[in-house]
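Asker: Each residue of the sequence shown is one higher than the last, beginning at 428 in the working numbering. Beta carbons are placed, not taken as given, at the ideal position from N, Cα and C, and that holds for glycine. Note that this is a predicted model, so its numbers are computed, not measured.
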Amino acid sequence: MLDARLRPLIDPPLNAMGRTLARAGVSANWLTFCGLAIGLAGAAAIASGHFGWGLALALANRVLDGLDGAVARASQPTDLGGYFDIVADFAFYVSVPVAFGILDPANLLPALVLAASFVLTGTSFLAFAVIAAKRGEETEAHGRKSFFYSTGLAEGTETVVIFALMALVPAWFVPLAWGYAALCVLTVIQRSALAWITFR
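Pasting the structure below:
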């Protein structure tokens, strides 16, 4: 919901850094894998109760996620890079609720439901992208991407905000997890309605 609105603000500095890194020979895929490792380390920190480190590493993951695309745009975007990027994104997203479930057995059910809602959201996102590509549809609402990015209520920005709140106030994990899982389900419904309008 907020990603497309933030693009005009975050793209200029990211693209400038991306051009610098590309000239230095840094590859987009290397940034993707570094970002994934850092994000999973953040989830491990949360599972161990080190919330400050978890939040810092999660935010670093998101910065690297933005930089890998900027480097790709400054050099040569590839389909393989786009594939690695989206797999790394969802691996990180799922790792955070799993970490909170490991941290405290009382978190287990909402963590499981939140992780499942991420799977549903990701499925609807990727299915929409596949059909949109098949029909030759394009959009740059989220910047230049490897494949079609459909807009939804729960996107990357909202997810980062929720993760930050969970790390800052761990006692709120259960209501935040239930609430965000509900928003993810609404996103699937909203995207399915858009698919009905667009693809029928």
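If we ignore side chains and look at the alpha-carbon of each, how far apart do V615 and Y510 end up?
Answerer: As a working note, residue 615 is residue 188 in the sequence shown. As a working note, residue 510 is residue 83 in the sequence shown. In a straight line, the C-alpha of V615 is about 21 angstroms away from that of Y510.
Asker: Use the C-beta contact count for A515: other C-beta atoms within 10 angstroms, 16 or more gives buried, fewer gives exposed.
Answerer: Within the sequence shown, numbered from 1, the residue matching residue 515 stands at position 88. With 16 or more other Cβ atoms within 10 Å, it is buried.
Asker: Using 9 angstroms as the threshold, is the C-beta distance between T459 and G508 below it?
Answerer: Position 32 of the sequence shown, counted from the start, is the residue given in the question as residue 459. Position 81 of the sequence shown, counted from the start, is the residue given in the question as residue 508. Their beta carbons are under 9 angstroms apart, which means T459 touches G508 by this criterion.
Asker: Between the Cα of A622 and those of Y607, I558, A455, spot the shortest distance and give me the residue it belongs to.
Answerer: For this step, residue 622 is matched to residue 195 along the sequence shown. When only C-alpha atoms are compared, the closest one is I558.
Asker: Suppose only complete runs of 3+ residues qualify. What are the beta strand (DSSP E) ranges in the stretch 536-619, listed by chain order?
Answerer: Qualifying beta strand (DSSP E) stretches: none in this window.
Asker: Going by beta-carbon coordinates alone, are W605 and V523 separated by less than 9 angstroms?
Answerer: Working through the sequence shown from its first residue, we reach residue 605 at position 178. Working through the sequence shown from its first residue, we reach residue 523 at position 96. Taking 9 angstroms as the Cβ cut-off, W605 and V523 do not qualify as a contacting pair.
Asker: Could you spell out the range, first to last residue, of the alpha helix (DSSP H) harbouring T459?
Answerer: Working through the sequence shown from its first residue, we reach residue 459 at position 32. That run of the alpha helix (DSSP H) goes 455-474.
Asker: Are there three or more Cβ pairs, one per stretch, closer than 8 angstroms when the stretch 487-495 is compared with the stretch 458-473?
Answerer: Flag = yes, the stretch 487-495 and the stretch 458-473 touch.
Asker: Mapping the DSSP letters down to three states, classify G496 as helix, strand or coil.
Answerer: Here residue 496 refers to the residue found at position 69 when the sequence shown is read from its first residue. Helix, per DSSP.
Asker: Given this structure, state the Cα-to-Cα distance separating F525 from R618, to the nearest angstrom.
Answerer: Position 98 of the sequence shown holds residue 525. Position 191 of the sequence shown holds residue 618. Reading the sequence as shown, one finds Val at residue 525 and not Phe. C-alpha separation (whole angstroms): 25 angstroms.
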